[in-house]
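Okay, so the sequence shown: first residue is 733 according to the working numbering, each after it adds one.
Notes follow the structure.
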Amino acid sequence: MNRREFVKGSLALAGAAAFFNVGCAKESADGKETSKEGTRKMDKKCMVIYYSWSGNTRFAAETIAKKAGAALFEIKAETPYNSDFNKCCDEAKPECYGKKLRPIKPIEGLDLAKYDLVFVGSPNWWGTMAPPVRTWVT
Ligand SMILES: Cc1cc2nc3c(=O)[nH]c(=O)nc-3n(C[C@H](O)[C@H](O)[C@H](O)COP(=O)(O)O)c2cc1C
């Protein structure tokens with residue numbers, strides 16, 4: 733991963749985290765809600781959900797989840813894109829341009845009702861989100 737790729741993939745997630753300066757509520761062992769020190773306390777229960785093809789968005793999502801004390805979930809395509817960049821582009825380009833949905837695997841343990849704030853992470857594919865992310869938000 734080079735710096736440029738990382739910045740592209742993580743811009744949305746990092747920007748959102750910086751904008752909100754999130755100190756998400758976290759349950760401690762005694763059941764009381766706590767938040768990360770040094771951040772503005774929001775008493776929000778937060779989660780980060782992301783899709784990543786080559787790992788950059790995963791890195792950004794993990795970093796944000798750790799700093800914000802948020803739960804972390806990964807979106808996985810039912811049929812993964814080819815691991816070869818050019819073949820992946822061939823598969824993904826018509827989906828992105830056509831705003832198509834790519835089927836995704838069920839996300840285990842996710843109960844959206846438990847969260848007040850959701851960060852969604854996606855690589856930038858032709859100026860839009862990767863289709864598995866479109867499927868999830870749809
Ligand atoms: C299929 C595909 C399409 C891409 N399209 C764009 C694009 O249109 N513009 C751009 O700046 N980067 C584009 N990229 C680069 C990715 O956004 C960038 O490498 C990102 O960090 C990858 O995130 P990931 O490692 O989480 O998959 C594309 C990458 C792939 C694999």
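Note that the Cβ used here is the ideal one computed from N, Cα and C, for glycine as well.
Identify every residue that forms a DSSP beta bridge with residue i.
i	result
N818	DSSP lists no partner for N818.
N788	Partner(s): none; N788 has no beta bridge.
D809	According to the sequence shown, residue 809 is Ala rather than Asp. A809 pairs with I836.
C778	L849
A757	K777
W857	T860
Can you tell me whether residue i is buried or exposed, with buried defined as 16 or more other CB within 10 angstroms of its CB?
i	result
A750	The pLDDT assigned to A750 is 49, lower than 50, so where the model puts this residue is not dependable; a value taken from the coordinates is nonetheless given after this. Classification for A750: exposed.
V780	buried
W857	buried
N818	exposed
P731	Since the first residue shown for the chain is 733 and the last is 870, residue 731 is missing from the structure and cannot be characterised.
G859	exposed
T811	exposed
W868	buried
Y836	Checking the sequence, you will find Ile at residue 836 rather than Tyr. The residue in question, I836, is buried, as its Cβ has 16 or more Cβ neighbours within 10 Å.
G770	Residue confidence is low: G770 scores 49 on pLDDT, short of 50, so the model does not pin down where it sits. No coordinate-derived value is stated.
A845	exposed
I807	buried
P826	exposed
A800	buried
I839	exposed
G787	exposed
Within the continuous beta strand (DSSP E) that includes residue i, where are the two ends?
i	result
E806	A803 to E806
L849	L849 to G853
Got a sec, what are the start and stop residues for the alpha helix (DSSP H) residue i sits in?
i	result
T867	P863 to V869
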